[in-house]
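See below for the structure under consideration.
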Amino acid sequence: PRERGECIAQMHFRDGWREYTEVRFWGGAHLLKIALNEKERDDLRRKRMQWGASGGKDQKETTIGWATFEDAGRYPVREGKDYFGSRFHLFRKPTFLISLFDGIGGARVAIDSLPDHYRVIESFSSEVDKNAKAVVSRYAPGTIDLGDVADINRHVINNVILGNKEVQKYRRCAVWNDEVHFVVIAGPPCQDVSQAKARKGKTDGLLGGEKSMLFYHVPRILCYLTEGLEPWISEKPWMPGAPIRHVEDNLHYIVENVDMAPSNMKQFNEFLGNITPWKIDFNKGGACASFMSRRRLYWSSVKNWGGEIGIDAFLRLGCAHPARRRSLEYVLAKHGLQGYEFCNRHSGKKVELLGTLTRFVENVGQENYFIRLKKDHRDDPDGVMREAPQVVNENLMGFPQNHTKYGEKGKVLSEKERRMLLGLVHIMRQPDLCS
1 PRERGECIAQ MHFRDGWREY TEVRFWGGAH LLKIALNEKE RDDLRRKRMQ WGASGGKDQK
61 ETTIGWATFE DAGRYPVREG KDYFGSRFHL FRKPTFLISL FDGIGGARVA IDSLPDHYRV
121 IESFSSEVDK NAKAVVSRYA PGTIDLGDVA DINRHVINNV ILGNKEVQKY RRCAVWNDEV
181 HFVVIAGPPC QDVSQAKARK GKTDGLLGGE KSMLFYHVPR ILCYLTEGLE PWISEKPWMP
241 GAPIRHVEDN LHYIVENVDM APSNMKQFNE FLGNITPWKI DFNKGGACAS FMSRRRLYWS
301 SVKNWGGEIG IDAFLRLGCA HPARRRSLEY VLAKHGLQGY EFCNRHSGKK VELLGTLTRF
361 VENVGQENYF IRLKKDHRDD PDGVMREAPQ VVNENLMGFP QNHTKYGEKG KVLSEKERRM
421 LLGLVHIMRQ PDLCS
């Protein structure tokens with residue numbers, strides 16, 4: 001019988017489309033599946049499906065069920081074959097996010113910017129900076145704090161994460177199909193592995209730096225998650241004919257870091273399953289997913305063959321910048337700074353591309369980009385240069401307005417403190433420049 005809950009979708013099948021039509025719908029917190037052959041379809045028509053379906057044999061399309069979900073909003077259902085071969089699947093995938101070295105929650109903000117694809121059911125965050133943790137809690141109040149990444153052991157994995165009430169609700173989904181995802185996103189510290197450090201002879205090629213060694217916690221935690229999920233996925237599916245599932249169908253990861261020396265990259269490759277990273281420069285060739293030209297490496301379990309990503313790939317994926325940049329001045333004007341432009345604070349030249357806004361060494365800013373009034377808006381020939389407000393930098397990095405305004409215990413943070421928090425970001429989404 002249909003469980004009580006909000007009706008979110010009505011599913012159909014077309015007669016003669018295929019011998020077996022699989023239809024899934026949500027009842028409460030459980031994913032139910034029915035495999036229908038021709039005889040079963042006739043039986044269901046005769047019974048008119050007690051849980052609310054209707055239709056006749058002469059109808060071209062027959063409604064066979066309602067999708068319900070107890071505690072969620074509306075889930076649109078998209079037509080088309082999915083991985084299981086069904087004509088229908090839930091468009092928004094239930095996702096459990098585990099963000100290591102979380103910073104100010106860039107991973108959660110990025111996933112939330114994909115509202116038609118994924119819905120974060122529960123979010124787990126590992127971060128040590130108190131102000132950063134406060135920012136994450138303010139953005140996503142239900143986020144579960146895992147503390148220092150070094151303290152995440154099997155007990156934390158099995159009890160805090162996999163033993164979580166919401167995770168347990170979706171346990172059966174992991175057995176039946178890939179309708180639930182556990183996503184690990186990590187951006188371990190990059191100071192000890194950068195190309196600059198390698199050129200200066202400050203790294204030994206074995207991730208021996210105090211900060212870079214934190215990377216090894218990522219494969220360790222992935223191993224613990226795999227161990228914990230293995231019994232779930234290896235359970236025998238209750239429905240005959242269901243495909244054999246593997247942990248990698250439900251557990252995914254993305255690890256980000258700077259472009260580094262080959263010896264260090266080799267270590268990352270080996271410890272992350274012998275995969276090749278994607279090399280992405282977000283501004284190279286005009287593929288503007290960000291205003292900042294930040295060449296980065298991404299190790300992904302989803303598409304793990306690696307390679308270079310340029311403008312052509314971004315265009316094919318439909319995620320190139322929507323307007324090829326409305327100009328930095330457009331962003332400044334959105335925040336009440338009409339007539340201003342970005343410039344290099346050393347050379348005084350106007351700039352249209354930004355390298356990085358948030359790089360710090362021992363709490364001393366190395367940013368090169370200030371703002372000033374344009375020539376036709378100022379009296380002095382050189383123009384007084386000053387730092388851009390952090391609300392502008394938040395916009396450039398794709399965060400909601402005033403994302404970093406408040407810190408621990410609701411304290412209003414200074415511009416310097418906010419800049420330092422923005423420097424903790426390890427993943428960026430496309431900035432909203434067209435609204």
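Be aware that the sequence shown starts at 1, since it is given in the UniProt record's numbering, and climbs by one per residue.
Just so it is clear, CB atoms sit at the ideal spot from N, CA and C, and this is done for glycine as well.
| Query | Result |
| --- | --- |
| Nearest-angstrom Cα separation, counted from Lys375 out to Leu337 | 14 Å |
| Reduced DSSP secondary structure (H/G/I, E/B, other) of Leu214 | helix |
| Validate contact between the segment 327 to 335 and the segment 261 to 278 using beta carbons, cut 8 Å, 3 pairs | no |
| Option nearest Val258 by Cα separation, candidates Leu297, Val128, His252 and Asn264 | Leu297 |
| Cβ separation of residue 437 and Pro188, assumed to be a contact under 8 Å, to the nearest whole Å | In the structure displayed, the chain extends from 1 to 435; residue 437 sits before or after that span and is not available. |
| 7 Å CB neighbourhood of residue 519 in its chain, flanking five on each side removed | Given that the chain is displayed from residue 1 to residue 435, the structure contains no residue 519 and the question cannot be resolved. |
| Limits of the beta strand (DSSP E) - the one that Asn393 falls within | It is not in any beta strand (DSSP E) - Asn393 instead sits in the alpha helix (DSSP H) that spans Gln390 to Leu396. |
| Where Ser300 sits in the DSSP three-state scheme | strand |
| Extent of the continuous beta strand (DSSP E) run through Ala186 | His181 to Ala186 |
| Pair within 8 Å by beta-carbon distance, Met385 and Arg419 | no |
| Tyr170 in three-state terms, based on DSSP | coil |
| Cross-strand partners of Val120 (DSSP beta bridge) | Thr95 |
| Exposure of Gly105, with buried meaning 16 or more beta-carbon neighbours within 10 Å | buried |
| Residue from Thr404, Ser414 and Val193 whose Cα sits closest to the Cα of Arg215 | One detail in the question is off: residue 215 reads as Phe in this sequence, not Arg. Minimum Cα distance to Phe215 is reached at Val193. |
| Where Ala35 sits in the DSSP three-state scheme | Low local confidence applies: a pLDDT of 41 at Ala35 is under 50, so the model's placement there is unreliable, and no value is given. |
| Pro389 versus His403, Ile152 and Glu122, residue with shortest Cα-Cα distance | His403 |
| Limits of the unbroken alpha helix (DSSP H) element including Leu328 | Leu328 to Lys334 |
| Limits of the beta strand (DSSP E) - the one that Glu256 falls within | Leu251 to Val258 |
| Sequence-distant residues of the same chain with beta carbon closer than 8 Å to Gln401, five excluded per side | Val391, Glu394 and Asn395 |
| For His345, three-class secondary structure by DSSP | Here residue 345 turns out to be Arg, not His, going by the sequence shown. Reduced to three states, the DSSP call for Arg345 is coil. |
| Extent of the continuous beta strand (DSSP E) to which Tyr369 belongs | Tyr369 to Leu373 |
| Residue closest to Ala134, alpha-carbon to alpha-carbon, out of Ser414, Glu417, Lys411 and Gly407 | Gly407 |
| DSSP-derived helix/strand/coil call for Val412 | strand |
| Ser113 in three-state terms, based on DSSP | coil |
| Endpoints, the alpha helix (DSSP H) within which Glu270 is located | Pro262 to Phe271 |
| Per-residue DSSP class, three states only, for Lys279 | strand |
| Alpha-carbon spacing of Phe399 relative to Gly273, whole angstroms | 32 Å |
| 6 Å Cβ shell around Ile221 - same chain, five flanking residues per side excluded | Ile152 |
| Reduced DSSP category for Leu90 - H, G, I as helix; E, B as strand; rest coil | Because Leu90 carries a pLDDT of 45, less than 50, the predicted location of this residue cannot be relied on, and the following value inherits that uncertainty. It is a strand residue. |
| DSSP-derived helix/strand/coil call for Leu424 | coil |
| Spatial neighbours of His377 in its chain, beta-carbon cut-off 7 Å, leaving aside the 5 residues before and after | Gly339 |
| Residue from Glu127, Phe96 and Phe101 whose Cα sits closest to the Cα of Asp112 | Phe96 |
| Spatial neighbours of Leu413 in its chain, beta-carbon cut-off 6 Å, leaving aside the 5 residues before and after | Gly407 |
| Through-space distance from Ala107 to Val255, alpha-carbon basis | 11 Å |
| Buried versus exposed, by CB contacts within 10 Å (16 or more), Cys343 | buried |
| Length of the line joining the Cα atoms of Arg154 and Tyr224 | 6 Å |
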